[in-house]
Amino acid sequence: MFWPKSPAAGLSPPRPWQEASSVYSAPSTAQHSAEILDDQETLEGALPRHLQTLQVQWMLHRHRALSPVHTAGNARTVFDLACGNGAHLQIFADSGWSGWGVDINPISIKGILSSQAGRRGLIEAVQGDLNALGTTLPAPHHKADLVLMCYGTICTLPPGTVDRITRFAWESLKPGGLWMLDIITPEYFSSPRQPSLEELIRDGDDPEGGHTSGALLLDQKTYLSPWLGFWGALPKRVIESTWYYPTENLYCEDYSVAKQRFLTWKRPYTPQEYRTRYRSRGFLHCTTESGSFGQTPPRDDGSRSDIPSGWSTLVFQKSGRGNKNEDV
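In full-length UniProt numbering, the protein residues as written are 1 to 328.
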């Protein structure tokens, strides 16, 4: 196994994000999370919704291409681990799927269940910690055609939890079902560095001035917290929303602040290492899709090249009826 041992229990104070809390005096988590979920302008802005819809459309396309046994007209089910505000689940529901999601933030779960899809019973959602998956956090009784884990969340969890999630994905999927997960690759850490929160505070910069503070900058105004699926107009709000996660379960150095220390482990792992791991558990690797930040400025000859984003989506298939060719 390529996963190193879990870090020693406990946190060595103070961490930069803890120091930042004294500067940014965060409101109560429940109040702040409710504020974000109720803020339709930032939560359901055109750009975020557009990006989420495109991602789900890509997932649906991949599912149709790789799992032809699940023909049109059959009921389909998706499980979303760390589902955040349920945006992906709701878009799947719009396409006729049923969904089940789990997230640690009870405000997120309340928002999902009160949504139109939740009220119609198309989406089930439970509040819980993925570290307890398979123990105090029970799995749903039905099987899934697709299991998701988006925004690199798997990279923030300790090795033991990653193992439990792997078992959960395998046991939850129907034969031929797909396991899709976003990962953070070494390219993310070699891309041009964004200032961390403590640097913004030190330098007295305006948080609205185009800095990401450990979140993904979308349009200079809207920020994404990949760990809980929140959108916010300020990096301050995004960082506050991530603080809901219990500190005793934080395994990330400088959590949500400096991207160079984002991962549980001492280095990011390559897509090939993930492929090796999941193949050893019985999954077939179907495809790897890598994103980019755009393209470089034109060279003298007019050519451009992609700037890798360091985010990749891996698609694995549970062996069984309906498998197609591997590594398509």
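Every residue gets a Cβ at the ideal spot worked out from N, C-alpha and C, and that includes glycine.
query: Quick check: the Cα distance between residue 102 and residue 84, rounded to an integer number of angstroms?; result: 8 Å
query: So, do the region 60-68 and the region 125-143 have three or more beta carbon pairs nearer to each other than 8 Å?; result: no
query: Suppose you measure from the CA of residue 144 to the CA of residue 89; what does that come to, to the nearest Å?; result: 13 Å
query: For residue 318, list the residues DSSP reports as bridge partners.; result: 283
query: What are the boundary residues of the beta strand (DSSP E) that includes residue 115?; result: No beta strand (DSSP E) contains residue 115, which DSSP labels as neither H nor E.
query: Inspect the CB distances between the region 103-117 and the region 161-172 and report whether three or more fall short of 8 Å.; result: no
query: Once the 5 residues before and after residue 289 are set aside, which same chain residues still bring their CB inside 7 Å of it?; result: 312, 313
query: If you reduce the DSSP assignment to three classes, tell me which class residue 163 lands in.; result: helix
query: Please report how far the alpha carbon of residue 175 lies from the alpha carbon of residue 302, in whole angstroms.; result: 48 Å
query: With DSSP as the reference, label residue 173 as helix, strand or coil.; result: strand
query: If you check the beta carbons only, do residue 336 and residue 154 fall under 8 Å apart?; result: With the chain covering 1 to 328 only, the question about residue 336 has no answer from this structure.
query: Measuring only the C-alpha atoms, how far is residue 281 from residue 318?; result: 10 Å
query: Rounded to a whole number of angstroms, what is the C-alpha to C-alpha distance between residue 61 and residue 159?; result: 31 Å
query: Out of 54, 141, 80, 300, point me to the one whose CA is closest to residue 178's CA.; result: 80
query: Starting from the Cα of residue 149, find the closest Cα among 141, 162, 140 and give me that residue.; result: 162
query: Under 8 Å, do residue 96 and residue 123 count as touching if we go by C-beta distance?; result: no
query: Return the Cβ separation of residue 82 and residue 130 in integer angstroms, given the expectation that the two are a contact with Cβ distance under 8 Å.; result: 6 Å
query: Provide the residue span of the beta strand (DSSP E) that contains residue 144, from first to last.; result: 144-149
query: Roughly how far, in whole angstroms, is the beta-carbon of residue 99 from the beta-carbon of residue 78, given that I think they are within contact range, below 8 Å?; result: 5 Å
query: Which of the three DSSP states is assigned to residue 130 in this structure?; result: helix
query: CB-CB under 7 Å to residue 329, same chain, minus the five flanking residues each way: which ones, in chain order?; result: Because the chain in this structure spans residues 1 to 328, residue 329 falls outside the shown range and cannot be described.
query: Whose C-beta lies closer than 7 Å to the C-beta of residue 139 among residues of the same chain, with five residues either side of it excluded?; result: 168, 172
query: Starting from residue 94, trace the beta strand (DSSP E) both ways and give me its first and last residue.; result: No beta strand (DSSP E) contains residue 94, which is instead part of the alpha helix (DSSP H) from 87-94.
query: Between the alpha carbons of residue 119 and residue 91, how many angstroms are there, rounded?; result: 15 Å
query: Here's a check: name, in chain order, each residue in its chain whose Cβ is nearer than 7 Å to the Cβ of residue 56, leaving out the five neighbours to either side.; result: 88, 91, 92
query: Cutting at 8 Å between CB atoms, please list the residues of its own chain near residue 278, excluding the five before and the five after it.; result: 166, 179, 285, 314, 316
query: Which residues in the same chain as residue 157 place their Cβ atom closer than 6 Å to its Cβ, once the five residues preceding and following it in sequence are excluded?; result: none
query: Which of helix, strand or coil does DSSP assign to residue 183?; result: strand
query: Which class does residue 122 belong to by DSSP, given the choice of helix, strand or coil?; result: coil
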